[in-house]
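A short worksheet on the structure shown next.
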Amino acid sequence: MRIFLFFLICNSGILFAQNEIILLDHMINTISQVSSLEYELHSKELIEDKLIYSISKVKLRKSPFSIYCYMLHPRKGIEILLNGKHNDALVKPNSFPYFNLKLSPYGKLMRNKQHHTIIDSGFDNIKNILLSAIDSIKLNPKAYISNLGIKQKNNIYFNVLKITNPNFKYYKYVVKDNETIDDIAKRNHLCVYLINQKNKISFFDKINKGDIIYLPSSYAESFEIWIDLDTNLPLIQKVFINDNLFEYYEFKNIIVNKIFDENEFLESNKFYGF
301 MRIFLFFLIC
311 NSGILFAQNE
321 IILLDHMINT
331 ISQVSSLEYE
341 LHSKELIEDK
351 LIYSISKVKL
361 RKSPFSIYCY
371 MLHPRKGIEI
381 LLNGKHNDAL
391 VKPNSFPYFN
401 LKLSPYGKLM
411 RNKQHHTIID
421 SGFDNIKNIL
431 LSAIDSIKLN
441 PKAYISNLGI
451 KQKNNIYFNV
461 LKITNPNFKY
471 YKYVVKDNET
481 IDDIAKRNHL
491 CVYLINQKNK
501 ISFFDKINKG
511 DIIYLPSSYA
521 ESFEIWIDLD
531 TNLPLIQKVF
541 INDNLFEYYE
551 FKNIIVNKIF
561 DENEFLESNK
571 FYGF
């Protein structure tokens with residue numbers, strides 16, 4: 301009996317960690333089955349040592365890629381429509397110059413005071429970050445993942461997981477030929493804004509072959525992932541650097557796999573202000 305109890309005590313941590321791995325796997329699989337979304341996004345991003353708060357309504361179709369955004373805060377009335385990841389977006393600024401603009405999602409105006417491009421909308425970004433680390437997490441789950449239990453917010457129940465990189469650090473990287481910060485970040489599933497911040501550069505500073513820059517060893521030091529018990533989606537995501545909040549995303553009023561009307565992503569939609 302004592303041997304059996306000792307076995308249970310020694311292995312309970314492993315069993316609990318495996319349960320958390322199963323939760324992550326289920327969440328990732330659920331995200332992969334999402335074809336369209338409609339939601340209200342509440343976000344906070346650390347920009348120049350200040351948390352910038354924004355609210356927007358989003359309609360997203362993954363294939364063919366289309367997205368419509370309506371800003372509620374801080375500049376109510378801005379509308380953005382994008383069809384295709386490599387096209388310019390149609391933007392109604394709702395202020396000077398008071399006419400519609402065609403802007404690159406990767407350009408200065410659309411990336412101003414933003415951690416991400418509009419193309420990163422939805423849940424695929426967090427899914428890809430986790431997929432890049434899942435093998436390491438599974439090798440030593442107790443070191444990387446913990447279960448913070450069931451929590452409630454806005455009448456929604458969540459299972460909250462915390463993922464931590466105990467070996468988070470910055471390391472030197474030698475830039476290769478024709479590389480951009482975006483290329484490096486995308487390939488390694490890192491945050492472009494964090495790389496820029498660490499190296500004191502902007503989105504648009506040119507880097508050259510042979511330059512030495514510093515890269516983080518993972519997207520962030522730690523995450524809190526709030527998984528909705530009903531949808532199995534990470535409706536709240538908290539990202540921390542040096543134990544400080546770096547990013548916060550909360551998806552509200554979400555509709556999954558909505559069948560949109562044919563004109564949903566057209567400039568001529570009568571409900572839009574273009």
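The numbering used here numbers the first residue of the sequence shown as 301 and each following residue consecutively. Ideal Cβ placement from N, Cα and C applies to all residues, glycine included. Computed from a prediction, not measured in an experiment: that's the story for all the values here.
For Ile507, the three-state secondary structure derived from DSSP is coil.
For Gly407, the closest alpha carbon among the candidates Asp435, Asp424, Tyr398, His386 is that of His386. In this model, Phe574 and Val391 are separated by some 8 Å (Cα to Cα). Contact check between the segment 557 to 569 and the segment 475 to 487: fewer than three CB pairs, one atom from each, fall below 8 Å, which does not count as touching. In this structure, Ile380 sits away from Ile463, with a CB-CB distance that is not shorter than 8 Å.
Under the DSSP definition of a beta bridge, Ser354 partners with Ser343.
For the alpha helix (DSSP H) assignment, the uninterrupted runs of no fewer than 4 residues enclosed by the segment 429 to 504 are, from N- to C-terminal side, 441 to 444, 481 to 488, 492 to 499. With fewer than three CB-CB distances shorter than 8 Å, the segment 473 to 484 does not count as touching the segment 430 to 440. Here Ala389 is bridged, per DSSP, to Leu403. Asn447 and Phe565 do not touch by the CB rule: their CB atoms are close to 39 Å apart, not below 8 Å. A Cβ-Cβ distance of about 4 Å is found for the pair Asp388 and Lys402, placing them in contact under the 8 Å criterion. In the assembly as shown, Ile512 is an exposed residue. Its beta-carbon has fewer than 16 other beta-carbons within 10 Å. A direct Cα-to-Cα measurement between Phe571 and Phe540 gives close to 38 Å. Ranking Asp477, Leu341, Asn544 by CA distance to the CA of Lys509 puts Asp477 first. CA-to-CA, the gap between Ser518 and Ile481 works out to about 15 Å. When secondary structure is reduced to three states using DSSP, His373 falls in the strand class. Taking 8 Å as the upper bound for CB-CB distance, Glu547 and Glu345 are in contact here, some 5 Å apart. Sequence-distant partners of Asn499 (beyond 5 residues in either direction) whose C-beta falls short of 7 Å from its own C-beta, in its chain, are Ile513, Tyr514. When secondary structure is reduced to three states using DSSP, Ile512 falls in the strand class.
Nearest Cα to Asn467 within the set Gly449, Ala520, Asp424, Ile367: Ala520. Excluding residues up to 5 positions away in sequence, Ile450, Lys451, Gln452, Trp526, Ile527, Asp528, Leu529, Leu535, Ile536 lie with their Cβ nearer than 8 Å to the Cβ of Phe458 in the same chain.
In the displayed model, Gln537 falls within a strand according to three-state DSSP. For Lys413 against Ile352, the beta-carbon gap comes to about 6 Å, under 8 Å, which counts as contact.
In this structure, the straight-line span from the alpha carbon of Asp349 to that of Asn542 is close to 13 Å.
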